[in-house]
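Shown next, in structure tokens, is the structure this report addresses.
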């Protein structure tokens with residue numbers, strides 16, 4: 687499969703959630719928008735169909751509370767990190 691077809695395939699297929707393998711490391715991606723909300727995605731690199739592939743284990747998000755929307759960018763990103771680690775501690 688050439689690169690163009692692979693990119694087209696990746697962009698047109700919905701991401702599939704994978705089951706966690708607790709023997710492998712996890713990756714946590716976070717994003718916070720100062721006046722909007724928090725979001726995170728927990729990923730893991732596993733062997734899928736004979737190829738190493740990073741898959742999504744779960745997505746989480748929430749709106750900011752009124753008091754949190756006053757935070758600066760750095761504080762909001764820190765809030766997002768702490769919140770996501772607390773929510774996903776069982777992984």
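Numbering (our numbering), first residue to last: 687 to 777.
Glycine residues also receive a C-beta, built at the ideal position from the N, C-alpha and C atoms.
Selected residue, minimal CA-CA separation from residue i, among the options
| i | options | result |
| --- | --- | --- |
| residue 751 | 771, 766, 704, 731 | 766 |
| residue 770 | 715, 761, 741, 739 | 715 |
| residue 710 | 733, 725, 763 | 733 |
| residue 742 | 753, 696, 762, 727 | 727 |
| residue 704 | 735, 744, 724, 719 | 744 |
Host alpha helix (DSSP H) of residue i (start-end)
| i | result |
| --- | --- |
| residue 691 | 689 to 698 |
| residue 761 | 759 to 773 |
Any non-hydrogen atom of the ligand HEM within 6 Å of residue i CB
| i | result |
| --- | --- |
| residue 707 | Summarising the ligand content, the structure contains no ligands, and the ligand HEM is consequently not present. |
Residues bridged to residue i (per DSSP)
| i | result |
| --- | --- |
| residue 713 | 729 |
| residue 718 | 724 |
Range of the contiguous beta strand (DSSP E) that encloses residue i
| i | result |
| --- | --- |
| residue 777 | Note, residue 777: premise wrong, no beta strand (DSSP E); not H, not E. |
| residue 706 | No beta strand (DSSP E) holds residue 706; DSSP gives it neither H nor E. |
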